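In our numbering, the protein residues as written are 1249 to 1457.
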C-alpha cells in the first residue's frame, strides 16, 4: 500500500507476490523492494509509476528482511527457512549471490552507513551474523544478544546498532567498532519487533507486538 503523506490516505495498492513482508526503499527513492514470504521472491516497484518492474526475483525460502546498500547497487534479503542471505544486483535485478549461510531463522537485516557490513538477526540462534560486503562472507564470531532477535536498526553515524529481542522483551545495543554488546539489555514492552532510529540519533522507537 502506498500512503500519501500529505493527506494520510492510501493512494494505491500494488499487487506483488504472496504474503509480502519486508520492504525497503532505494537511497534515491526510485525503487522499492518487497520480500514475498509466500512466493520466495522479491518484487521490484518503480515509484514513479507505482508498478512492478519485470518478473519477481527468486531468492531463498521464506524471504523476510530486506535492506538496500547506501550506493543502491545491492539488495540483501534474509531467507528465514533457508538460514541464508541472498544478494541482488539492482542494475540487472538478478541474484548475484544465492545463499550466504548465517544463523538459524534470519529475520531482520541492516547495512551500516558505509555499506561495508551487513548485520543479520538470527532469531533461533539468539545472535547476529556480520557479513563483509566486499567478499559476501560472514566475518567474526556471531554476536550473542537476547532471545529471538528480530528487528535491527543503525543510528545515523553507524556507531550503534539496536536489536529487538522478541521473547526477552528487551533491546540490545551493539558497539559496531568492535561488535560487542554495550551495557545490559534495555527492558521494553512485551514482544518488541520493529525498531527505528530518529535522524539525529537521539531516540529509538520500538513497536511492542
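Glycine residues also receive a C-beta, built at the ideal position from the N, C-alpha and C atoms.
Computed from a prediction, not measured in an experiment: that's the story for all the values here.
Here's the rule: buried if 16 or more other CB atoms are within 10 angstroms of the residue's CB, otherwise exposed. What is residue 1330?
Taking the first residue of the chain shown as 1, we reach residue 1330 at position 82. The residue in question, residue 1330, is buried, as its Cβ has 16 or more Cβ neighbours within 10 Å.
Going by C-alpha to C-alpha distance, which of 1318, 1291 and 1378 sits closest to residue 1306?
Taking the chain shown and counting its residues from 1, the one referred to as residue 1306 is at position 58. The candidate whose alpha carbon is nearest that of residue 1306 is 1291.
Tell me the rounded alpha-carbon separation between residue 1451 and residue 1312.
Position 203 of the chain shown holds residue 1451. Position 64 of the chain shown holds residue 1312. Rounded to the nearest angstrom, the two C-alpha atoms are 25 Å apart.
State the beta-bridge partners of residue 1334 as determined by DSSP.
Numbered from its first residue, the chain shown carries residue 1334 at position 86. Paired residue(s): 1325.
Here's a check: name, in chain order, each residue in its chain whose Cβ is nearer than 8 Å to the Cβ of residue 1251, leaving out the five neighbours to either side.
Stepping through the chain shown from its first residue, residue 1251 is reached at position 3. So the qualifying residues of the chain are 1257, 1258 and 1259.
Going by C-alpha to C-alpha distance, which of 1289, 1360 and 1348 sits closest to residue 1425?
Numbered from 1 along the chain shown, position 177 holds the residue referred to as residue 1425. Checked all of 1289, 1360 and 1348; the closest Cα to residue 1425 is 1360.
Given a cut-off of 8 Å, decide if residue 1378 and residue 1386 are closer than it, judged by their beta-carbon atoms.
Translated into the one-based positions of the chain shown, residue 1386 becomes position 138. Translated into the one-based positions of the chain shown, residue 1378 becomes position 130. Taking 8 Å as the Cβ cut-off, residue 1386 and residue 1378 qualify as a contacting pair.
Less than 8 Å between C-beta atoms, sequence neighbours within five positions excluded: which residues of the same chain meet that for residue 1447?
As a position in the chain shown, residue 1447 is number 199, starting the count at 1. Hits under 8 Å: 1404.
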